[in-house]
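K.L.:
Numbering (the working numbering), first residue to last: 19 to 337.
1. Exposed or buried, which one is residue 79 when buried takes at least 16 other CB atoms within 10 Å?
2. How should residue 117 be labelled, buried or exposed, when 16 other C-beta atoms within 10 angstroms of its C-beta is the threshold for buried?
3. Taking residue 162 as the reference, give the member of 140, 217, 263 with the closest Cα.
4. I'd like the span of the alpha helix (DSSP H) that includes residue 198, first residue to last.
5. So residue 210 and residue 187 are supposed to be a Cβ contact under 8 Å. How far apart are they, rounded?
6. So if DSSP puts residue 105 in a beta bridge, which residue, or which two residues, is it bridged to?
7. Can you have a look at residue 270 and say buried or exposed, based on whether 16 or more other CB atoms are within 10 angstroms of its CB?
8. Is the CB-CB distance between residue 302 and residue 97 below 9 Å?
9. Can you tell which of 259, 127, 38 has its C-alpha closest to the C-alpha of residue 86?
10. May I have the straight-line CA-CA distance separating residue 83 from residue 207, to the nearest angstrom?
11. Would you say the segment 237-250 touches the segment 281-290, given that touching needs at least three Cβ pairs under 8 Å?
12. Determine the extent of the alpha helix (DSSP H) in which residue 292 is found, giving its start and end residues.
13. With distances taken Cα to Cα, identify the nearest neighbour of residue 189 among 197, 196, 178.
14. What separation, rounded to the nearest whole angstrom, lies between the Cα atoms of residue 144 and residue 181?
15. Can you give the Cα-Cα distance for residue 307 and residue 48, rounded to whole angstroms?
16. State the DSSP-derived secondary structure class of residue 29, mapped to helix, strand or coil.
17. In terms of alpha-carbon separation, which member of 198, 21, 114, 280 lies closest to residue 165?
18. Beta-carbon within less than 6 Å of residue 140's beta-carbon, same chain only, minus the 5 sequence neighbours each way: which residues are those?
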């Protein structure tokens, strides 16, 4: 398994490099030449011009600037953010990553548990009223735009706060002076992420469970006299987890990369907002830091999912 993991990591390095190359050139060309914008600035002096040229190495071709950026990243230097007071991107990134974790971890745990429980229930109670009700809920979640649901939650909570004078939850930003305020801050964005994610995963898990439910080895297990509980949790669930693990890995990587729309709706200072602000401010180092982190996390969590396959199904050999 160790050899397989190392081989996969080595195979992932060119993919990550390709992603950074595409992002670097795309952002550079989209931004244009900052010197042209400075040329029309009536309040900028020559020192500002020289600072931009030095910071972005604009006197060099784009491919040389990429090689220089890559060399800095390998040594742990993500550059300087020109849009946030020339602060080091490393410092900003870890601040935002911590804030994104506050949403991603509870959202992922809730989604994984709910999707698993609901999938098992729907497979066992197929065509029951509960199955139809949960299917309707899933379709509702899949068709509900993230920004719309987030705004609806905000409107409901604001109305409750105004009507009863209670502060159930914070509707904007991060308040973490104490644990109670932290929970109040993360509740609404986590609920938004949970509804959107659990809807799709429940449908996927239900289909996987039903496919296994009608397989020959499940009928054989029942014919041998095994209890329904053991058949479901020992045979059906373990095999149904294999495709779900892939979905969980992708979802968790996406959550850690920052849910851009959710973080924007709730003014959450996470990686998603960091990426969006960097794009609007044409801050190359900020954008590249988030894109690189996104690529690495996607590769690592896909590798983790592949390794779990061998644990869940002994027939899979990672040679």
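Quick reminder that beta carbons are idealized off the backbone N, C-alpha and C, glycines included.
None of the values given here were measured: they were computed from a predicted structure.
P.N.:
The short version:
1. Label assigned to residue 79: exposed.
2. Under this definition residue 117 is a buried residue.
3. Of the candidates 140, 217, 263, the one whose C-alpha sits nearest the C-alpha of residue 162 is 217.
4. 197-231
5. Incorrect: roughly 12 Å between the Cβ atoms, too far for contact.
6. Beta-bridge analysis with DSSP links residue 105 to 99.
7. When all chains shown are included, residue 270 counts as buried.
8. yes
9. 38
10. 38 Å
11. no
12. 289-298
13. 178
14. 42 Å
15. 17 Å
16. helix
17. 280
18. 149, 152, 224
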